[in-house]
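*Asks:* One structure, as structure tokens, below. Some questions next.
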Ligand code: AHR
């Protein structure tokens, strides 16, 4: 089946609408740069490229192998729920595996999906590097691969069909922009500690880079310590305890996700300090527990990362197996929340 330019545009638009409608309430905040997410989704056209042949007959149930990162955070749980429920809804036979944050487990799972001859493989890579061999094996077996949530750094982009998920650099920029604005008139040094996500993962690399870019212009904004908390609450608490021990005057914590911020809050409170007041806190995700802490004033600013990728993933897989070529990059839109906005949004928060 050949796809016309008009139909292609409609597909991209419906994919974006699916994500946007699944995404709770995105707010606008004057402190944050406007998200370029929606614009760059639309700007990733597959243009007039000829559609490939349908990979599965119309009446056959589609089978999908999904290799998940793990269950490290509230965000991940919401993402897994979204994928599993959307597969059910779409009548897709989902084979699901949890890699427990280990790349070797994901590689094993992908190889097993290749052996099972699934119609399509999707995964959210734990880290960015080291995927070429297994992706080549999938390609040689004629199984298309969809990347969700996190990117790979493979030079050969023909190894996957599309990558859908947030723009993590932009998320880091939104966090940095807010902070730079809060301290634009400061005459004193502001000591920042950073809890990074999993070492080598796309969100850790990109959120760090985007944040650094936006605070760079003000020499008073100093990152005095930066260490991984592996995106978990337990590690976030442990590393924050170490930060507090080693540094007397911490003004700001930038955590790459809510779970690490929540762990850090426990450490800050145990040290007799007031989170959100004595130490300002910025985090990324916007899951219910994070939003609750923000509504209570313990987290000052949250940059949203939308985990509800299931419906978009299932629709994309169906389209692909119908012979339609998806855009190479689908950026899902994210909002931001101050404490006040979190309080307002909390009653309708879905995850
Ligand atoms: O890849 C998305 C990140 O992974 C989320 O921000 C974090 O909570 C999760 O573990």
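Numbering (the numbering used here), first residue to last: 9 to 359.
All C-beta atoms in this analysis are idealised placements derived from N, C-alpha and C, irrespective of residue type, glycine included.
(1) Would you say the stretch 260-267 touches the stretch 287-300, given that touching needs at least three Cβ pairs under 8 Å?
(2) Identify whether residue 319 lies in helix, strand or coil by the three-state DSSP scheme.
(3) For the structure I just gave you, are there three or more beta carbon pairs, one from the stretch 184-201 and one from the stretch 222-236, closer than 8 Å?
(4) Does the stretch 160-168 come within contact of the stretch 142-151, defined as at least 3 CB pairs closer than 8 Å?
(5) Using only the heavy atoms of ligand 1, determine whether one of them is closer than 8 Å to the beta carbon of residue 293.
(6) Just checking my contact of residue 119 with residue 142 at CB under 8 Å: how many whole Å lie between their CB atoms?
(7) Roughly how many angstroms lie between the CA atoms of residue 344 and residue 161, to the nearest whole one?
(8) Go ahead and label residue 80 buried or exposed: buried means 16 or more other beta carbons lie within 10 angstroms of its beta carbon, across all protein chains shown.
(9) Using three-state DSSP, classify residue 177 as helix, strand or coil.
(10) Could you give the DSSP three-state label for residue 288: helix, strand or coil?
(11) How about residue 340 and residue 314: do their beta carbons lie closer than 9 Å?
(12) Hey, how far is the Cα of residue 140 from the Cα of residue 208?
(13) From residue 335 to residue 324, what distance separates their C-alpha atoms?
(14) Hey, is residue 211 close to ligand 1, as in C-beta under 8 Å from one of its heavy atoms?
(15) To which residues of the same chain is residue 19 closer than 7 Å at the C-beta, ignoring the five residues directly before and after it?
(16) State the DSSP-derived secondary structure class of residue 127, mapped to helix, strand or coil.
(17) Using the Cβ count rule (16 or more neighbours within 10 Å means buried), how would you classify residue 7?
(18) Would you tell me roughly how many angstroms separate the C-alpha atoms of residue 156 and residue 172, rounded to the nearest one?
(19) Residue 105: which of 86, 125 and 131 sits nearest, CA to CA?
(20) To which residues of the same chain is residue 210 closer than 7 Å at the C-beta, ignoring the five residues directly before and after it?
*Replies:* Put simply:
(1) Because the criterion of three Cβ pairs below 8 Å is met, the stretch 260-267 and the stretch 287-300 touch.
(2) Along the chain shown, read from residue 1 onward, the residue named residue 319 stands at position 311. In the structure shown, residue 319 falls within a helical segment according to DSSP collapsed to helix, strand and coil.
(3) With the cut-off at 8 Å, the stretch 184-201 and the stretch 222-236 touch.
(4) Flag = yes, the stretch 160-168 and the stretch 142-151 touch.
(5) For the purposes of this step, residue 293 is taken as the residue at position 285 of the chain shown. Within the cutoff, so yes.
(6) As a first step, residue 119 is located in the chain shown; it is residue number 111 there, counting from the start. As a first step, residue 142 is located in the chain shown; it is residue number 134 there, counting from the start. In this structure residue 119 touches residue 142 by the C-beta definition: roughly 7 Å separates them, less than 8 Å.
(7) Along the chain shown, read from residue 1 onward, the residue named residue 344 stands at position 336. Along the chain shown, read from residue 1 onward, the residue named residue 161 stands at position 153. Distance between the alpha carbons of residue 344 and residue 161: 27 Å.
(8) In the chain shown, counting from the first residue as 1, residue 80 sits at position 72. So residue 80 counts as buried.
(9) On the chain shown, residue 177 is found 169 positions in, with the first residue counted as 1. Residue 177: helix per DSSP, three-state reduction.
(10) By one-based count along the chain shown, residue 288 stands at place 280. In this structure, residue 288 counts as strand in the three-state DSSP scheme.
(11) In the chain shown, counting from the first residue as 1, residue 340 sits at position 332. In the chain shown, counting from the first residue as 1, residue 314 sits at position 306. It is a contact, given that the beta carbons lie within the stated cut-off.
(12) Translated into positions along the chain shown, residue 140 becomes position 132. Translated into positions along the chain shown, residue 208 becomes position 200. Rounded to the nearest whole angstrom, the CA to CA distance from residue 140 to residue 208 is 16 Å.
(13) In the chain shown, residue 335 corresponds to position 327, counting from 1. In the chain shown, residue 324 corresponds to position 316, counting from 1. If you take the alpha carbons of residue 335 and residue 324, they lie about 10 Å apart.
(14) Within the chain shown, numbered from 1, the residue matching residue 211 stands at position 203. Correct: residue 211 has its Cβ closer than 8 Å to ligand 1.
(15) In the chain shown, residue 19 corresponds to position 11, counting from 1. Only weak support is given to the placement of residue 19: the predicted model assigns it a pLDDT of 38, under 50, and the value that follows is read from those uncertain coordinates. So the list reads 327 and 332, once near-sequence residues are dropped.
(16) As a first step, residue 127 must be located in the chain shown, where it is residue number 119. Note: residue 127 maps to coil in three-state DSSP.
(17) In the structure as shown, the chain begins at 9 and stops at 359. Residue 7 is therefore absent and cannot be evaluated.
(18) The count along the chain shown starts at 1 and reaches residue 156 at position 148. The count along the chain shown starts at 1 and reaches residue 172 at position 164. So the two alpha carbons sit approximately 5 Å from each other.
(19) One-based indexing of the chain shown puts residue 105 at position 97. Nearest option by C-alpha distance: 131.
(20) On the chain shown, residue 210 is found 202 positions in, with the first residue counted as 1. Here the set comprises 136, 158, 159 and 176.
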